[in-house]
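Notes follow once the structure below has been shown.
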Amino acid sequence: MNPRLRAFVAVADHHGYGPAAASVAITQPALTKQIQALERELGGTLFARGRHGATLTEFGATLLPQARELVVASDEFTRRARRLASGATGRLSLGFGLSTIDLAPRAVAAFRQVYPDVEISLEDLPSTVQIDRITTGELDAGFVRLPVADGFAQRVLRRDRLVVASSAAVPGDVARWVADKGLVRLGRSKGPGLTGQVDKLCAAWGIHPATLYETHDLQTVLALVAAGVGPALVPATATRIAPAGVAFTQLDHPAAVWDVGIAWRPVQDTALVANFLAVLDRTP
Numbered sequence: 024m025n026p027r028l029r030a031f032v033a034v035a036d037h038h039g040y041g042p043a044a045a046s047v048a049i050t051q052p053a054l055t056k057q058i059q060a061l062e063r064e065l066g067g068t069l070f071a072r073g074r075h076g077a078t079l080t081e082f083g084a085t086l087l088p089q090a091r092e093l094v095v096a097s098d099e100f101t102r103r104a105r106r107l108a109s110g111a112t113g114r115l116s117l118g119f120g121l122s123t124i125d126l127a128p129r130a131v132a133a134f135r136q137v138y139p140d141v142e143i144s145l146e147d148l149p150s151t152v153q154i155d156r157i158t159t160g161e162l163d164a165g166f167v168r169l170p171v172a173d174g175f176a177q178r179v180l181r182r183d184r185l186v187v188a189s190s191a192a193v194p195g196d197v198a199r200w201v202a203d204k205g206l207v208r209l210g211r212s213k214g215p216g217l218t219g220q221v222d223k224l225c226a227a228w229g230i231h232p233a234t235l236y237e238t239h240d241l242q243t244v245l246a247l248v249a250a251g252v253g254p255a256l257v258p259a260t261a262t263r264i265a266p267a268g269v270a271f272t273q274l275d276h277p278a279a280v281w282d283v284g285i286a287w288r289p290v291q292d293t294a295l296v297a298n299f300l301a302v303l304d305r306t307p
């Protein structure tokens, strides 16, 4: 009924079929047919035609206000649907972890500048939890440790690596020094990927350092290091949030390196996700 209602409003506004047809970009015969079809459907006459064009009947005048409302509502519905389809509005849920503690917030801020009408959430979660939530649809995409399981689309964004965080100088034989000193560690439930990477490196070094203290927050790990409790093996990105008194030593070992990227499910490859990925590509 929408084109017929639009024709009805156009004739009422222009007081004639010719100008009304031009305003809705159809021929006058086509407009006449739409009005006739609408009158048959409604069971009454909308216009009286005379020398001075088309005049609303009482029946038509009574229905015109609601017809206007329906046309406006239809136009708004179409606009909103198109914005949703194009990813210009809607809701985008993202996860991130330790290795993108700097990049993820920057990308979200850049995205909001381009798409201010999109409601976006960003939650700090381990990669394993992110993958679970992407699978269930709770997250649209996540900044995670790569690779991920089959069935996910993924894009490598950077490489992260373990570094030694310490409050004292680190000697040349880092492995032996770590074995002797022990480690302040992040709990496995908070950072299973990081914990696994630390275990992998220690195994490659052939050492089993004691756990001096375990906490579930990376900033607490760094605070304990700064207080002199002991060293820690942390992502290089942790240098951005370290307190005063913490020094970092780079490690040149293949077991200390991993890829970090963004992952999503192809079935969730919506315009929102595509738009975010495009903004992410331009985020330094």
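Note that my numbering has the sequence shown beginning at 24, numbered continuously upward. All C-beta atoms in this analysis are idealised placements derived from N, C-alpha and C, irrespective of residue type, glycine included.
Contacting residues, own chain, Cβ-Cβ under 8 Å from residue i (five flanking each side not counted)
i, result
"Glu142", "Gly113, Arg114 and Leu115"
"Leu61", "Met24, Arg27, Leu28, Ala30, Phe31 and Leu69"
Simplified DSSP assignment, three categories, for residue i
i, result
"Asp98", "helix"
"Asp222", "helix"
"Arg211", "coil"
"Ala250", "coil"
"Glu161", "coil"
"Ser109", "helix"
"Tyr40", "helix"
"Leu74", "According to the sequence provided, residue 74 is Arg. The question's Leu does not apply to it. In this structure, Arg74 counts as coil in the three-state DSSP scheme."
"Arg91", "helix"
C-beta contact flag for residue i and residue j at 8 Å
i, j, result
"Gly73", "Leu295", "no"
"Val283", "Arg182", "yes"
"Arg164", "Ile157", "The question names Arg, but residue 164 is Ala in the sequence shown. Yes, the pair counts as a contact, with Cβ atoms nearer than the cut-off."
"Trp287", "Ala176", "yes"
Closest residue to residue i among the options (Cα-Cα distance)
i, options, result
"Ala192", "Pro254, Arg106 and Asp282", "Pro254"
"Ala278", "Ala43, Leu185 and Leu180", "Leu185"
"Gly120", "Ala132, Val94, Ser150 and Ala130", "Ser150"
"Leu86", "Gln220, Thr50 and Leu28", "Leu28"
"Arg148", "Gln273, Leu162, Gly251 and Asp140", "The question names Arg, but residue 148 in the sequence shown is Leu. Looking at the Cα atoms, Leu162 is the closest of the given residues."
"Ala30", "Gln57, Pro42 and Glu81", "Gln57"
"Ile285", "Gln89, Arg106, Gly67 and Leu180", "Leu180"
"Leu93", "Val32, Glu146 and Thr243", "Val32"
"His231", "Gly76, Val201, Ala130 and Ala259", "Val201"
Own chain residues within Cβ distance below 7 Å of residue i, not counting five before or after
i, result
"Gly210", "Glu237, Thr238 and His239"
"Pro266", "Leu245, Ala246 and Ala249"
"Leu217", "Leu121, Leu209 and Pro258"
Residues of its chain near residue i, where Cβ-Cβ distance is below 6 Å and the 5 sequence neighbours each way are ignored
i, result
"Ala133", "Val302 and Thr306"
Residue-chain proximity (residue i, chain C), Cβ-Cβ < 8 Å
i, result
"Gln51", "The structure shown contains no chain C; it holds only a single protein chain."
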